Amino acid sequence: MQTKHWQQRLLTLPPMSYLLIFFAVPTVIMLFASFRYAGEYGGLAPWYSYEEGKLAFDLTLENWQRLFETDIYLRLFAKSIGYAVLTTLLCILLGYPLALMIARSPRKHRDLLLLLVILPFWSNFLVRIYAWMIIFSPSGALTHMINSLLDIFGLAPISLMYSPTAVIVCLVYVHLPFMVLPLYANLEKHDPALLDAAQDLGATRWRRFWKITWPISLPGVYAGSILVFIPVLGMFAIPDLLGGTDGIMIANVIKQQFVESRDWPFGSVLSMVLTVAAVLAVLLGAKFGQQAGQTR
Amino acid sequence: MSQKNRALKLSALAVYAFLYLPLLIVVIYSFNDSKLNAEWVGFTFKWYDKLFHNREMLTAAGNSLIIATSSAMIATVLGTLAGMAMYKYRLKVLPGLVLAPIAMPDILMGVSLLLFFIMLNMSLGLISITLAHITFCIGFVALSVQARMSSIDRSLTEAARDLGATPWQCFRKITLPLLAPGIIAGALMAFTLSIDDFVITFFVAGVGSSTLPLQIYSMVKIAVTPEVNAISTLLMLLTLILITLVARLSPGALRS
Numbered sequence: 001m002q003t004k005h006w007q008q009r010l011l012t013l014p015p016m017s018y019l020l021i022f023f024a025v026p027t028v029i030m031l032f033a034s035f036r037y038a039g040e041y042g043g044l045a046p047w048y049s050y051e052e053g054k055l056a057f058d059l060t061l062e063n064w065q066r067l068f069e070t071d072i073y074l075r076l077f078a079k080s081i082g083y084a085v086l087t088t089l090l091c092i093l094l095g096y097p098l099a100l101m102i103a104r105s106p107r108k109h110r111d112l113l114l115l116l117v118i119l120p121f122w123s124n125f126l127v128r129i130y131a132w133m134i135i136f137s138p139s140g141a142l143t144h145m146i147n148s149l150l151d152i153f154g155l156a157p158i159s160l161m162y163s164p165t166a167v168i169v170c171l172v173y174v175h176l177p178f179m180v181l182p183l184y185a186n187l188e189k190h191d192p193a194l195l196d197a198a199q200d201l202g203a204t205r206w207r208r209f210w211k212i213t214w215p216i217s218l219p220g221v222y223a224g225s226i227l228v229f230i231p232v233l234g235m236f237a238i239p240d241l242l243g244g245t246d247g248i249m250i251a252n253v254i255k256q257q258f259v260e261s262r263d264w265p266f267g268s269v270l271s272m273v274l275t276v277a278a279v280l281a282v283l284l285g286a287k288f289g290q291q292a293g294q295t296r
Numbered sequence: 297m298s299q300k301n302r303a304l305k306l307s308a309l310a311v312y313a314f315l316y317l318p319l320l321i322v323v324i325y326s327f328n329d330s331k332l333n334a335e336w337v338g339f340t341f342k343w344y345d346k347l348f349h350n351r352e353m354l355t356a357a358g359n360s361l362i363i364a365t366s367s368a369m370i371a372t373v374l375g376t377l378a379g380m381a382m383y384k385y386r387l388k389v390l391p392g393l394v395l396a397p398i399a400m401p402d403i404l405m406g407v408s409l410l411l412f413f414i415m416l417n418m419s420l421g422l423i424s425i426t427l428a429h430i431t432f433c434i435g436f437v438a439l440s441v442q443a444r445m446s447s448i449d450r451s452l453t454e455a456a457r458d459l460g461a462t463p464w465q466c467f468r469k470i471t472l473p474l475l476a477p478g479i480i481a482g483a484l485m486a487f488t489l490s491i492d493d494f495v496i497t498f499f500v501a502g503v504g505s506s507t508l509p510l511q512i513y514s515m516v517k518i519a520v521t522p523e524v525n526a527i528s529t530l531l532m533l534l535t536l537i538l539i540t541l542v543a544r545l546s547p548g549a550l551r552s
């Protein structure tokens, strides 16, 4: 018993202390920073002063008030949530048939088909954005094709680059594997006998899908949705490179506060709101997933 | 039935094309003898040649290798311990701490670590980047090791203990060899994640030190050049090799 306790500590303590120091503590520091004043030259001002034997704290709610002074930031949050929802829906639309196809192919092919979904996800993130910069570029073939089509109908040429459309397409591209994997993990476990029984009882293909496959797969849909929604909500690189001014999201403002304007306290406020939004999304998704798992 | 199967297969094929065509375009243009990523002019290796003479790029590649190797090694040790602990004991705090860095948006870890390092008066550079990379790699190693642990037959270790092996002998001679594929797969994933990371590195790198993704970012920000295609192709090749190895060693690891 004594050795067991000792063993558990030996295994648990090193990773736990590392993650406490480099993950939990920085998050608390960020919360704290959101109540501090910005430094004269950016960064943070001292949070306490000690003069004539008196200790004084220099903390403020100003940064949080600034969040509500204009509706710019709240609207940007709403817009980012909108982008994340749209991306999630498009990922379901594209990912579902793929996951279903893999789950219904012969067992020996499944691992390879799945690996083919995973591989692009592991190639460099910037490279995947860069690929879309080439595709959407004004001199690219796609833009040429669309514009010559528009020209036939006498419509003005469009630019694909630096638009919300470019951002959404790339967001879907980058996050699609996150949707396919949990969906496949769920669909793979379905009992084919259920579909056979429904067919014997005269249910059409469409009815079989909506009455059997879809409801049973809901926990997988929710799991995939969380995995897509959260990283999209905090994305800054894709809007930064493909979005122009119309396509920016909340994380672009966070990056701007930390890098360009160096207003760290306000950047921390926005980051804390994003943290809360992400945690809420996880809890909500987990709750729905559980309910869907129970009621089937 | 067959009609539906065909429709399903066609749509799946279209999605595969959507996943691979963009990457293929990057690869093809890396061999194109033109400054623009537009028309095909002719085959060339000159962008690769230019790349190997670009000193900034080579320094960045060197930095990336140093950071990825050291953070993968440390994250593998810590992640293996965490994975074993998560399998063996009913823990409350550790699984949350291991999963949270994976679940949260990257930018949050980037900015909070920036605040943390500055508060400690640490200068930003290779060390701060490595410390940050270890943080997000631990979880991936832990999940890989945990998955492997659950496939090990408990009766093997029990038999060893019955025959008088000490806990250390039992770990060294039985658990560790059986666990090895999971550990190696985790280490390779950590290496890949570290080499590829852009967002977190962007915040904790400071001014002096650059990594490959940071270098690509600053090049892409200015202009789209075929040199970026060349480095992208090489990075893709490296990732392809590493991930195929992981898939061979531990098919379950990638899915978590």
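If you read the sequences in order, they're chains A and B.
Last residue of the first sequence: 296 in the working numbering, with the numbers rising by one and none dropped.
Last residue of the second sequence: 552 in the working numbering, with the numbers rising by one and none dropped.
Quick reminder that beta carbons are idealized off the backbone N, C-alpha and C, glycines included.
Keep in mind that this is a model prediction, so the values were computed, not measured.
Among the options, which one has its Cα closest to the Cα of residue i?
| i | options | result |
| --- | --- | --- |
| Ile423/B | Ile403/B, Ile362/B, Arg444/B and Gln465/B | Ile362/B |
| Thr529/B | Ile512/B, Lys517/B and Thr540/B | Ile512/B |
| Met356/B | Phe494/B, Ile537/B and Asp402/B | Note that residue 356/B is Ala in the sequence shown, not Met. Checked all of Phe494/B, Ile537/B and Asp402/B; the closest Cα to Ala356/B is Phe494/B. |
| Thr58/A | Val228/A, Glu188/A, Pro265/A and Ala203/A | First, the amino acid is wrong: residue 58/A is Asp here, not Thr. Ranking the options by Cα distance to Asp58/A, first place goes to Pro265/A. |
| Leu292/B | Ala251/A, Arg207/A and Ser123/A | Nothing can be reported for residue 292/B: it is not among the residues displayed for chain B, which extend from 297 to 552. |
| Val500/B | Ile425/B, Ala381/B and Ala399/B | Ile425/B |
| Ala313/B | Leu55/A, Val279/A, Leu61/A and Val117/A | Val117/A |
| Phe236/A | Val174/A, Pro120/A and Ile212/A | Val174/A |
| Ser80/A | Ala286/A, Leu274/A and Leu284/A | Leu274/A |
| Ala292/A | Leu119/A, Met30/A, Val221/A and Pro15/A | Val221/A |
| Tyr96/A | Ala486/B, Ile370/B and Leu309/B | Leu309/B |
| Gly234/A | Gly244/A, Leu242/A and Ile248/A | Ile248/A |
| Phe35/A | Asp263/A, Gly285/A and Ala286/A | Asp263/A |
| Leu61/A | Tyr37/A, Phe288/A, Tyr83/A and Tyr73/A | Tyr37/A |
| Leu89/A | Val232/A, Ala251/A and Gly244/A | Val232/A |
| His5/A | Thr365/B, Arg386/B and Thr376/B | Arg386/B |
Using the beta-carbon count (16 or more within 10 Å), is residue i buried or exposed?
| i | result |
| --- | --- |
| Arg296/A | Its pLDDT being 49, under 50, Arg296/A is placed unreliably by the model, and the measurement read from it follows with that caveat. So Arg296/A counts as exposed. |
| Leu306/B | exposed |
| Arg444/B | buried |
| Asn333/B | buried |
| Gln290/A | exposed |
| Leu459/B | exposed |
| Leu533/B | exposed |
| Arg208/A | buried |
| Asp240/A | buried |
| Pro138/A | exposed |
| Gln294/A | exposed |
| Met297/B | A caution first: Met297/B carries a pLDDT of 46, below 50, which makes its placement in the model unreliable, though a value can still be read off. Met297/B should be labelled exposed. |
| Met1/A | Residue placement at Met1/A cannot be trusted, given a pLDDT of 49 that sits under 50; what the coordinates show is reported in the next sentence. Met1/A should be labelled exposed. |
| His455/B | First, the amino acid is wrong: residue 455/B is Ala here, not His. Exposed is the call here. |
| His429/B | buried |
| Ser514/B | exposed |
| Met145/A | exposed |
| Leu452/B | exposed |
| Pro15/A | buried |
| Asn252/A | buried |
| Asp71/A | exposed |
Who does residue i pair with in a DSSP beta bridge?
| i | result |
| --- | --- |
| Asn328/B | Phe339/B |
| Glu51/A | Lys54/A |
| Arg36/A | Leu59/A |
| Gly42/A | Glu40/A |
Subject >> Members of the segment 33-62 of chain A that neighbour chain B once the beta carbon cut-off is set at 9 Å >> reply: Ala33, Gly43 and Leu44
Subject >> Residues within the segment 233-266 of chain A neighbouring chain B, beta-carbon criterion of under 9 Å >> reply: Leu233, Gly234, Met235, Phe236, Ala237, Asp240, Leu241, Ala251, Ile254, Lys255, Gln257, Phe258, Val259 and Trp264
**OP:** Report yes or no: do the segment 340-349 of chain B and the segment 518-532 of chain B share at least 3 C-beta pairs separated by less than 8 Å?
**Re:** yes
Original post:
Are the segment 466-483 of chain B and the segment 406-424 of chain B in contact at 8 Å, needing three or more beta carbon pairs?
Top reply: no
**OP:** State whether the segment 224-236 of chain A contacts the segment 180-193 of chain A, with contact taken as three or more CB pairs (one from each stretch) at a distance under 8 Å.
**Re:** yes
**OP:** Give the residues from the segment 412-440 of chain B that approach chain A closer than 8 Å (Cβ to any Cβ), ordered along the chain.
**Re:** Phe412, Ile414, Met415, Leu427, Ala428, Ile430, Thr431, Ile434 and Ala438
Original post:
Is the segment 393-403 of chain B touching the segment 13-33 of chain A in the sense that three or more CB pairs, one from each, lie closer than 8 Å?
Top reply: yes
**OP:** Can you give me, in chain order, the residues of the segment 211-231 of chain A that have a beta carbon less than 9 Å from any beta carbon in chain B?
**Re:** Ile226, Leu227, Ile230 and Pro231
Original post:
What residues in the segment 122-140 of chain A bring their beta carbon closer than 9 Å to a beta carbon of chain B?
Top reply: Trp122, Ser123, Asn124, Phe125, Leu126, Val127, Arg128, Ile129, Tyr130, Ala131, Trp132, Met133, Ile134, Ile135, Ser137, Ser139 and Gly140
Subject >> chain B contacts from the segment 93-104 of chain A (Cβ-Cβ distance under 8 Å) >> reply: Leu94, Gly95, Pro97, Leu98, Leu100, Met101, Ile102 and Arg104
Subject >> contact_flag[the segment 142-153 of chain A, the segment 63-71 of chain A] where n(CB pairs < 8 Å) is 3 or more >> reply: no
Original post:
Going along the segment 478-506 of chain B in order, which residues come within less than 7 Å of chain A, judged by CB to CB distance?
Top reply: Thr488, Asp492, Phe494, Val495 and Phe499
Original post:
Using 8 Å as the threshold, is the segment 266-285 of chain A in touch with the segment 195-203 of chain A, meaning 3 or more CB pairs across them?
Top reply: no
**OP:** Taking only beta carbons into account, state which residues of the segment 302-319 of chain B come closer than 8 Å to chain A, listed in chain order.
**Re:** Leu304, Lys305, Ser307, Ala308, Val311, Tyr312, Phe314, Leu315, Tyr316, Pro318 and Leu319
Original post:
Between the segment 246-262 of chain A and the segment 320-329 of chain B, do three or more beta carbon pairs fall short of 8 Å?
Top reply: no
Original post:
Listed from N- to C-terminal order along the chain, which residues in the segment 20-33 of chain A have their beta-carbon within a distance smaller than 8 Å of any beta-carbon of chain B?
Top reply: Leu20, Phe22, Phe23, Ala24, Val25, Pro26, Thr27, Ile29, Met30 and Ala33
Original post:
Of the residues that make up the segment 270-290 of chain A, which ones have a beta carbon closer than 8 Å to any beta carbon in chain B?
Top reply: Ser271, Leu274, Thr275, Ala278 and Val282
Subject >> Near-chain A residues of the segment 334-351 of chain B - C-beta to any C-beta below 8 Å >> reply: Ala334
Original post:
Got a sec: which bits of the segment 377-397 of chain B sit with their beta carbon under 8 Å from any beta carbon on chain A, in order along the chain?
Top reply: Leu377, Ala378, Met380, Ala381, Lys384, Tyr385, Leu387, Val389, Leu390, Leu393, Val394, Ala396 and Pro397
**OP:** With 7 Å as the C-beta to C-beta threshold (strictly closer), list the residues of the segment 517-533 of chain B near chain A in chain order.
**Re:** Val520, Val524, Ser528, Leu531 and Met532
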